[in-house]
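**Q**
There are 2 protein chains.
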Amino acid sequence: MPLDPLSSTFAALADPTRRAILARLALGETSVMELAKPFDMSLPAISKHLKVLEHAGLISRGREAQWRPCRIAPDSFKQVDGWLGNFRRFWDESFNRLDGLLEEMKAEEAAKAPPRKRKTSVTKEKQRGRTRG
Amino acid sequence: MPLDPLSSTFAALADPTRRAILARLALGETSVMELAKPFDMSLPAISKHLKVLEHAGLISRGREAQWRPCRIAPDSFKQVDGWLGNFRRFWDESFNRLDGLLEEMKAEEAAKAPPRKRKTSVTKEKQRGRTRG
DNA sequence: AGGTTATTTAACCAATGAGCTAAGTACATG
DNA sequence: CATGTACTTAGCTCATTGGTTAAATAACCT
Chain A
475 MPLDPLSSTF AALADPTRRA ILARLALGET SVMELAKPFD MSLPAISKHL
525 KVLEHAGLIS RGREAQWRPC RIAPDSFKQV DGWLGNFRRF WDESFNRLDG
575 LLEEMKAEEA AKAPPRKRKT SVTKEKQRGR TRG
Chain B
475 MPLDPLSSTF AALADPTRRA ILARLALGET SVMELAKPFD MSLPAISKHL
525 KVLEHAGLIS RGREAQWRPC RIAPDSFKQV DGWLGNFRRF WDESFNRLDG
575 LLEEMKAEEA AKAPPRKRKT SVTKEKQRGR TRG
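Just so you know, the protein sequences line up as chains A and B, in that order.
In terms of the numbering used here, the first sequence opens at residue 475 and continues consecutively.
In terms of the numbering used here, the second sequence opens at residue 475 and continues consecutively.
This is the structure:
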């Protein structure tokens, strides 16, 4: 029953209402009432969505009198971005250009050492644990 | 019933088995049998997962004799990354440094023009439609 | 205390999703 | 053609999810 963190985060993101809520929160912290306004949906429904988002670590909630202001929580976003990074080479051109550069540098380095078998294709090692920047 | 593309993509990613399949496919195209091996799960279950991934645009499938080789399809990954980009400023330090730079540039520009009210907080305009690179 | 506002909880329902087994399809080969 | 290999489809469970309304909780305001 307790889904792993990445799974609950992706599951939370798989709903357009929840993504819209996050988009609103990207503009700044706000109340449940405020968040509910754009939707043709009962307040309890929104409350549930917020619970899902909170459980997924995508938002955090405070207390101010009778309001529970919601705001974006960065950690789960970061996790998702990190996971996605493992696949970045499949679509990001500049990422691939960087890969090409590193490949060249490795080749130059290798030229100084005794030659050994090398593959031209992108391999497991190349795309593990890479980040932007 | 027909979920929007981003929703079905996130839904597809919300399952650890499917993410593991994608991880395997990141190493290269392979058959259903091969993909099924690591899992303690019936073949039809895997077949369903693959259908979900395909429907989500995360993989595409070919035909070679009796095999249906699967491979990563970049588009949906790119979509997800694009959506995530709207929130990057919440966790990516280098992204924020870039924002700071742009802020400075705008300030300098503004210094030449007649002064007007300005907010210090990051606003809607600043994070819309931004990409990496 | 009593009322109003903000939000959550409870109880329910219909639809979806992930797994299973058993049967069906497609191609390859003896 | 018959058999084997690689899948997929069909039909069934059971749990989860997204929505509902009605009631409860919490904090503020006379």
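Cβ atoms here follow ideal geometry from the backbone N, Cα and C, with glycine treated the same way.
Identify whether B:R542 lies in helix, strand or coil by the three-state DSSP scheme.
**A** Mapped onto the second sequence, residue 542 of chain B falls at position 68. Coil.
**Q** Using the Cα positions of A:T597 and B:L501, report the straight-line distance between them to the nearest angstrom.
**A** Within the first sequence, residue 597 of chain A is the residue found at index 123, counting from 1. Within the second sequence, residue 501 of chain B is the residue found at index 27, counting from 1. Confidence in A:T597 is poor, its pLDDT being 38 and thus under 50, which makes the residue's placement too unreliable to answer from.
**Q** Using a cut-off of 9 Å between C-beta atoms, extract the partners of A:N560 located in chain B.
**A** To locate residue 560 of chain A, count along the first sequence from 1; it is residue 86. What A:N560 touches in chain B: L496, A497 and A500.
**Q** I'd like to know whether the C-beta atoms of A:H523 and A:T483 end up nearer to each other than 9 Å.
**A** Here residue 523 of chain A refers to the residue found at position 49 of the first sequence. Here residue 483 of chain A refers to the residue found at position 9 of the first sequence. In this structure, A:T483 does not lie closer than 9 Å to A:H523 by Cβ.
**Q** Under 9 Å between the Cβ atoms of B:K552 and A:D549?
**A** In the second sequence, the residue the question calls residue 552 of chain B occupies position 78. In the first sequence, the residue the question calls residue 549 of chain A occupies position 75. Result no, Cβ atoms of B:K552 and A:D549 do not sit closer than 9 Å.
**Q** How would you list, in chain order, the residues of chain A whose beta-carbon sits under 8 Å from the beta-carbon of B:D514?
**A** Numbered from 1 along the second sequence, position 40 holds the residue referred to as residue 514 of chain B. Chain A residues near B:D514: none, gap ~17 Å exceeds 8 Å.
**Q** Would you tell me roughly how many angstroms separate the C-alpha atoms of B:A510 and A:W557, rounded to the nearest one?
**A** By one-based count along the second sequence, residue 510 of chain B stands at place 36. By one-based count along the first sequence, residue 557 of chain A stands at place 83. If I take the Cα positions, the gap works out to 22 Å.
**Q** Could you tell me which chain B residues have their CB closer than 7 Å to the CB of A:I546, listed as they occur along the chain?
**A** Taking the first sequence and counting its residues from 1, one reaches residue 546 of chain A at position 72. What A:I546 touches in chain B: F561 and F564.
**Q** On a Cα-Cα basis, can you pick out the residue from B:L496, B:N570, B:V506 and B:M579 that is closest to B:E540?
**A** Here residue 540 of chain B refers to the residue found at position 66 of the second sequence. Just to set this straight, residue 540 of chain B is Gln in the shown sequence, not Glu. Nearest C-alpha to B:Q540: B:V506.
**Q** Using a Cβ cut-off of 9 Å (strictly closer), state whether A:V554 contacts chain B.
**A** Position 80 of the first sequence, counting from 1, holds the residue named residue 554 of chain A. Judged by the 9 Å Cβ criterion, A:V554 is in contact with chain B.
**Q** For the region 478-489 of chain B, enumerate the residues whose C-beta is nearer than 9 Å to any C-beta of chain A, in chain order.
**A** Flagged, chain order: D478, L480, S481, S482, T483, F484, A485, A486, L487, A488 and D489.
**Q** Could you spell out where the alpha helix (DSSP H) holding A:R493 opens and where it closes?
**A** In the first sequence, counting from the first residue as 1, residue 493 of chain A sits at position 19. That run of the alpha helix (DSSP H) goes P490 to A500.
**Q** Please name the residue in A:L496, A:D573 and A:E508 whose C-alpha comes closest to that of B:F561.
**A** Walking along the second sequence from the start, residue 561 of chain B turns up at place 87. Of A:L496, A:D573 and A:E508, the residue nearest in Cα terms is A:L496.
**Q** Let's see if you can read the secondary structure: which residues bound the beta strand (DSSP E) around A:S534?
**A** As a first step, residue 534 of chain A is located in the first sequence; it is residue number 60 there, counting from the start. Taken as a continuous stretch (DSSP letters only), the beta strand (DSSP E) holding A:S534 covers I533 to R535.
**Q** Mark A:D555 as exposed unless 16 or more other C-beta atoms lie within 10 angstroms of its C-beta, in which case mark it buried.
**A** Numbered from 1 along the first sequence, position 81 holds the residue referred to as residue 555 of chain A. Result: buried.
**Q** May I have the straight-line CA-CA distance separating B:E538 from A:A486, to the nearest angstrom?
**A** If you number the second sequence from 1, residue 538 of chain B lands on position 64. If you number the first sequence from 1, residue 486 of chain A lands on position 12. Using only the alpha carbons, I get a separation of about 37 Å.
**Q** Where do the ends of the alpha helix (DSSP H) carrying A:M507 lie?
**A** Looking up residue 507 of chain A in the first sequence gives position 33. It spans V506 to A510 - the alpha helix (DSSP H) in which A:M507 sits, taken as one unbroken run.
**Q** Looking at A:G531: is its Cβ nearer than 9 Å to the Cβ of A:E503?
**A** Sequence index remark: in the first sequence, residue 531 of chain A carries index 57 (1-based). Sequence index remark: in the first sequence, residue 503 of chain A carries index 29 (1-based). No, Cβ-Cβ distance for A:G531 and A:E503 is not below 9 Å.
**Q** Can you check whether the C-beta of B:R493 is within less than 9 Å of a C-beta belonging to chain A?
**A** Indexing the second sequence from 1 puts residue 493 of chain B at position 19. Closer than 9 Å to some Cβ of chain A, the Cβ of B:R493 qualifies, so yes.
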